[in-house]
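Below: the structure, in structure tokens.
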Amino acid sequence: MTYAVRAPSSAFFGPSVYRGDRKRPVLALTFDDGPSESTPALLEILEANQVPATFFMCGQNVRRWPGIARAVADRGHELGNHTDTHPRLDFHASDFIFHEIAMAQETILTTTGFTPRLFRAPFGVRWFGLRRAQRHLNLLGVMWTIIGKDWKWPAPQIGRLIMDRAVNGAIICLHDGRRVEQAPNVRATIDAVRFVIPALKERGFQFETVSQILCPAN
Ligand SMILES: [Zn+2]
7 MTYAVRAPSS AFFGPSVYRG DRKRPVLALT FDDGPSESTP ALLEILEANQ VPATFFMCGQ
67 NVRRWPGIAR AVADRGHELG NHTDTHPRLD FHASDFIFHE IAMAQETILT TTGFTPRLFR
127 APFGVRWFGL RRAQRHLNLL GVMWTIIGKD WKWPAPQIGR LIMDRAVNGA IICLHDGRRV
187 EQAPNVRATI DAVRFVIPAL KERGFQFETV SQILCPAN
């Protein structure tokens, strides 16, 4: 059961991916829990490096920072759904789960004009009812290949982990926002991203959004 609820590769609670096309040297940077007042600094680094990313946003943070959410969409990044208030979904009723995801979907669409097609469960925890919610809202679940632990690690450690584990098609999970109960170290996230983008390009990797990285080469 622990595997079904938390393992990145489990599809027990609905269709979900954790890695993109393995045949191409491509990576997807993803940022969860935003937007926040720290997101614009991240956007500048991405723009300077011509790197698209995917932002899994919480509805309540989009309502709090609507201009920043729009700036993310306007710069061509992909937006994903990360629930409205970032609850753990386990042991909740299906209606609660549906409402959390539908509310975020509505907020992201009306604020930015972007309709998310991707969903990431808070803390990576999935539960009964998620499959139905994803189907009704036409959302694909996205977990991760590498998680940066940027809520507690300093930038050099995050950078080393990503450099050590980078493989074709990897989906890299970092954070650009704050959860109520635990403030991620956004400074460390930004410094790590500034370091790893050129280092990974040097190694031959290109960056894509999650939707792009899922498409096989043909
Ligand atoms: Zn989160």
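In the numbering used here, the protein residues as written are 7 to 224. Glycine included, each C-beta is placed from N, C-alpha and C at the ideal position.
Secondary structure note for residue 165: its alpha helix (DSSP H) is the uninterrupted segment 161 to 171.
In this structure, residue 155 sits away from residue 168, with a CB-CB distance that is not shorter than 8 angstroms.
For residue 63, the uninterrupted beta strand (DSSP E) run begins and ends at 60 to 63, by DSSP. Secondary structure within the segment 89 to 148: the beta strand (DSSP E) runs of 3 or more consecutive residues, fully enclosed, are 146 to 148 (chain order). Beta bridge pairing from DSSP links residue 212 with 32. If the five residues before and after residue 32 are omitted, its C-beta is found closer than 6 angstroms to the C-beta atoms of 212, 214, 219, all from its own chain and listed in chain order. With a contact defined as Cβ atoms closer than 8 angstroms, residue 132 and residue 19 qualify at about 4 angstroms.
About 14 angstroms separates the Cβ atoms of residue 183 and residue 87, ruling out a contact at the 8 angstroms cut-off. One Cα belongs to residue 118, the other to residue 44, and the distance between them is close to 18 angstroms. In this structure, the straight-line span from the alpha carbon of residue 157 to that of residue 75 is close to 21 angstroms. Inclusion of residue 176 and residue 25 in the CB contact set at 8 angstroms is warranted, their separation being smaller than that value.
Taking every protein chain shown into account, the CB of residue 53 has fewer than 16 other CB atoms within 10 angstroms, so this residue is exposed.
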